[in-house]
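Enquirer: When you line the sequence shown up against my numbering, it's residues 1 to 198, in that order. Heads up, the beta-carbon is just placed ideally off N, CA and C, and yes, glycines get one too.
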Amino acid sequence: MARDNFYSKIVIGVKVTLPIVALGLLSSLFLLSGAPDPDAALPYAEVDIDQIIREQRVSQPRFAGVLGDGREIVLVAEAVLADANQTDRIRAQSIEGRMDLSTTDFLTIEAALGDFDMAGQIATLSNGVILRSSLGYRIDSETLLMALDVVNIWSPTPVHVTGPGLDVTADTMELSGPDGETILRFNGSVRVLYQPQS
């Protein structure tokens with residue numbers, strides 16, 4: 001009996017003590033935490049609200065499709081702006097993409113700027129364009145035009161191609177893919193440096 005009485009006293013003591021301890025801890029959080037420091041507050045993003053309202057901007061848009069011959073293309077931009085005067089044109093920034101050349105080979109695409117003519121199905125990539133092939137070749141050009149409905153890429157500006165054992169410069173270039181094949185043509189003043197692989 002005495003044991004049951006002792007147990008009851010402990011339970012009553014715990015019921016009283018625990019809430020008091022919890023109240024003390026909670027009050028110390030508010031009393032000891034000083035005034036908030038406005039400099040330590042989370043920073044707000046600096047955005048121009050008027051510009052966002054004025055421009056039709058989309059962040060991280062993704063364009064994916066199947067070309068006329070069945071090969072796939074995917075382009076992703078950091079942001080795109082619709083032209084209010086031309087509804088079928090889109091300006092894009094920081095573009096990355098991939099285009100299939102065959103069932104096994106592909107190109108990756110990088111460009112700082114892009115102008116997409118959706119009606120004409122042509123993208124003009126500019127401001128330092130880099131193409132990399134799955135075979136290890138790299139094509140650098142200032143401007144590239146790319147069809148969005150077939151495999152057809154051409155450069156009206158000089159290009160520089162590097163890869164395993166090969167270094168090519170040319171005034172212009174065209175890469176096309178008729179009938180499931182991919183053909184690369186260089187035009188104008190072409191310089192080829194070939195180093196046989198050992």
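For L135, write down the residues that DSSP places opposite it in a beta bridge.
Expert: DSSP lists no partner for L135.
Enquirer: On the DSSP letters alone, give me the boundaries of the beta strand (DSSP E) that M118 sits inside.
Expert: Counting along the chain, M118 falls outside any beta strand (DSSP E), and DSSP gives it neither H nor E.
Enquirer: On a CA-only basis, which of D115, F116 and V161 is nearest M173? Give me that one, please.
Expert: V161
Enquirer: Please return the same chain residues whose Cβ sits closer than 7 Å to the Cβ of G136, not counting the five positions on each side in sequence.
Expert: G163 and P164
Enquirer: Can you give me the C-alpha to C-alpha distance between T169 and M99, rounded to a whole angstrom?
Expert: Separation of T169 and M99 (C-alpha to C-alpha, rounded to the nearest whole angstrom) is 23 Å.
Enquirer: Where does S189 fall in DSSP's three states?
Expert: coil
Enquirer: Take every Cβ of the stretch 177-195, pair it with every Cβ of the stretch 140-159, and state whether three or more of those distances are shorter than 8 Å.
Expert: yes
Enquirer: Just curious, the beta strand (DSSP E) that T182 is in, first and last residue?
Expert: Unbroken run through T182: none, as it is neither H nor E.
Enquirer: What are the residues that DSSP puts in a beta bridge with I130?
Expert: I130 is bridged by DSSP to E110 and D140.
Enquirer: Rounded to whole angstroms, what is the Cα-Cα separation between T143 and L75?
Expert: 17 Å
Enquirer: So the candidates are G13, L166 and L175; which of them puts its Cα closest to the Cα of Q197?
Expert: L166
Enquirer: Sorted by chain position, which residues of the same chain lie with C-beta nearer than 6 Å to L125's C-beta, five sequence neighbours on each side aside?
Expert: A111, G114 and L144
Enquirer: Cα-Cα, which of T104, A123, S134 and S102 is closest to A77?
Expert: Closest option to A77, Cα to Cα, is A123.
Enquirer: Name the one or two DSSP bridge partners that L172 has.
Expert: According to the sequence as given, residue 172 is Thr; it is not Leu. In DSSP, T172 forms a bridge with N187.
Enquirer: Determine, using beta carbons only, whether I130 and D140 come nearer to each other than 8 Å.
Expert: For the 8 Å CB-CB criterion, I130 and D140 form a contact.
Enquirer: Tell me the DSSP secondary structure of L29 in three-state form.
Expert: helix
Enquirer: Under 8 Å by Cβ, that's how I've got L199 and G177 pegged, so tell me the actual separation to the nearest angstrom.
Expert: Summary: the structure shown does not reach residue 199, with the chain confined to residues 1 through 198, and so no result is reported for it.
Enquirer: Closer than 6 Å by C-beta to L175: which residues in its own chain qualify, once you throw out the five before and the five after it? Chain order, please.
Expert: I153 and L184
Enquirer: By the 10 Å Cβ neighbour count, where 16 or more other Cβ atoms means buried, how is I10 classified, buried or exposed?
Expert: With fewer than 16 other Cβ atoms within 10 Å, it is exposed.
Enquirer: Beta strand (DSSP E) containing A102: first to last residue?
Expert: Note that residue 102 is Ser in the sequence shown, not Ala. S102 -> no beta strand (DSSP E), and no H or E assigned at all.
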